[in-house]
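S.K.: In my numbering, the protein residues as written are 15 to 112. First, the structure itself, so that you have it in front of you.
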């Protein structure tokens, strides 16, 4: 039972880590979204990245849960977090310069 639960968590972590890539669908279709939708979508992306990172850490914490899927989803989530932090730092830096 524990193995099935951990496998489900690992699948959910991978899904949450990859879900922000859905942002590129409207871009590829050359669609322009209203400001409110973009704000909600951005917030959902941040929540998905944080949830994916937390779930990945929970799965990787034990030595028997360290699989390629868990480590991969943790790496993807960590890269998303670095991207988000980089954009925040750039926005703050540009705001200070003005």
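Note that the Cβ used here is the ideal one computed from N, Cα and C, for glycine as well.
1) Residue 70 lies in the alpha helix (DSSP H); which residues open and close that run?
2) Note down, in chain order, each residue of its chain lying with its Cβ closer than 7 Å to the Cβ of residue 91, except the 5 sequence neighbours on either side.
3) What does the alpha-carbon distance come out to for the pair residue 42 and residue 26?
4) What's the call for residue 106, buried or exposed, on a 16-neighbour Cβ count within 10 Å?
5) Would you check if the distance between the CB atom of residue 23 and the CB atom of residue 72 is smaller than 8 Å?
6) Looking at the C-beta of residue 77, does it have a partner C-beta in chain E at a distance below 8 Å?
M.R.: A quick look at the data gives this:
1) In the chain shown, the residue the question calls residue 70 occupies position 56. Run containing residue 70: 49 to 75, per the alpha helix (DSSP H) assignment.
2) Counting from one through the chain shown, the residue named residue 91 turns up at place 77. Excluding positions up to five away in sequence, the list reads 31, 63, 66, 67, 70.
3) As a working note, residue 42 is residue 28 in the chain shown. As a working note, residue 26 is residue 12 in the chain shown. When rounded, the distance between both Cα atoms is 26 Å.
4) One-based indexing of the chain shown puts residue 106 at position 92. Flag for residue 106 reads exposed.
5) Sequence index remark: in the chain shown, residue 23 carries index 9 (1-based). Sequence index remark: in the chain shown, residue 72 carries index 58 (1-based). Judged by beta-carbon spacing, residue 72 lies within the 8 Å limit of residue 23, meaning their Cβ atoms are closer than that value.
6) Of the protein chains in this structure there is only one, and it is not chain E.
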